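One structure is given below, encoded as structure tokens.
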Amino acid sequence: MIITFVRELRKKWRYRGRPRNRSAGFTLVELLVVIAMISVMLAALVGLFTTLSKSYTTEEVKAEAQQDLRAAGDLMIRDIRMAGLDPTLSGNFGIIKAEDKEIRFTMDSDEDGAVTPSNFEDISYNFIGNELKQSLDGGSFQPVIENVTFPIPADPVFIYLDEDDNQIATPVSASELSNIRVVLVQNMTVQPPAGQVKLSANAGDPGSGDVPILNTRIQIRNLWF
3 MIITFVRELR KKWRYRGRPR NRSAGFTLVE LLVVIAMISV MLAALVGLFT
53 TLSKSYTTEE VKAEAQQDLR AAGDLMIRDI RMAGLDPTLS GNFGIIKAED
103 KEIRFTMDSD EDGAVTPSNF EDISYNFIGN ELKQSLDGGS FQPVIENVTF
153 PIPADPVFIY LDEDDNQIAT PVSASELSNI RVVLVQNMTV QPPAGQVKLS
203 ANAGDPGSGD VPILNTRIQI RNLWF
């Protein structure tokens with residue numbers, strides 16, 4: 003296509019009266035035109051490749067962040083849902099701390115009527131800095147997932163509801179802990195590690211960006227009886 007275009011240019015630029023030289027090569031002007039056209043095409047191809055590569059990288063990072071968020075969320079949701087498990091009806095188990103960014107609860111997984119150390123029957127979750135951390139049996143908090151962010155950092159992560167879906171003020175007082183029936187987790191997001199593509203987030207509309215987001219309602223089945 004480029005060669006045909008150049009040949010047409012040669013026909014237009016050929017001086018009148020000059021005898022045609024069938025063996026003549028390209029003129030300097032023709033070569034410059036070809037080089038310019040090739041440069042434009044290469045620039046367009048490089049731009050297209052860069053755009054596609056960036057799009058693929060963003061989707062890959064987003065998928066990885068989504069997977070990490072789902073794994074951490076599933077673990078936390080499963081544990082909170084089991085809060086207050088008390089097969090012997092001892093009355094010794096339930097939620098013992100409920101704050102905006104921390105929850106602590108117990109369960110009787112070995113059915114002995116008491117909180118047994120080393121059996122993971124005393125569990126806490128806390129959002130410290132940009133990490134979701136877990137504590138087992140009153141031990142130190144260990145990271146579950148890093149790079150946790152919130153579109154509106156001042157908002158509570160945990161919201162507690164009673165049996166009528168009325169919100170209970172936090173931090174929940176000792177006299178109100180037994181009234182908790184539902185825990186809402188809201189606007190928990192994950193960013194990729196530093197140095198990777200940063201996913202976009204919209205504080206006004208958390209679901210409108212690229213960042214995967216966790217909003218869930220956890221009904222604590224063992225506290226309804």
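Take the sequence shown: its position 162, counting from 1, is numbered 164 in the working numbering, and each next residue is one higher.
Built from N, CA and C at the ideal position, the CB exists for glycine as well.
Note that the structure is a prediction, hence the values are computed from the model and not measured.
Distances from the CA of valine 184 to each of Ala100, Ile220, Thr52 were compared; the closest alpha carbon is that of Ile220.
A direct Cα-Cα distance of roughly 10 Å separates phenylalanine 160 from methionine 190. Put simply, of Ser142, Leu134, Gly140, Phe143 the residue whose alpha carbon is nearest the alpha carbon of arginine 72 is Leu134.
Residue state for arginine 80 is assigned as helix, using DSSP reduced to three classes. Residue pairing by DSSP puts asparagine 128 in a beta bridge opposite Glu104, Lys135. Contact between glutamine 136 and phenylalanine 143 is confirmed by a C-beta separation of about 7 Å, below the 8 Å threshold. The C-beta distance from aspartate 139 to phenylalanine 122 rounds to 6 Å, short enough to meet the 8 Å contact threshold.
In this chain, the beta strand (DSSP E) harbouring phenylalanine 160 covers 160-163. Inter-segment contact for the segment 168-182 and the segment 94-112 is present: three or more beta-carbon pairs are separated by less than 8 Å. Rounded to the nearest angstrom, the gap between the Cα atoms of glutamate 61 and glutamine 69 is 12 Å. In terms of Cβ geometry, proline 214 and valine 187 do not form a close pair [threshold 8 Å]. Threonine 218 and isoleucine 147 have their C-alpha atoms spaced approximately 17 Å apart. Between proline 158 and the set Asp81, Thr172, Arg80, the nearest pair of CA atoms involves Thr172. DSSP, read as helix, strand or coil, puts threonine 218 in strand. In the three-state DSSP reduction, asparagine 224 falls in the helix class (H, G or I).
A residue is called buried once 16 or more other Cβ atoms fall within 10 Å of its Cβ, and leucine 30, having fewer, is exposed.
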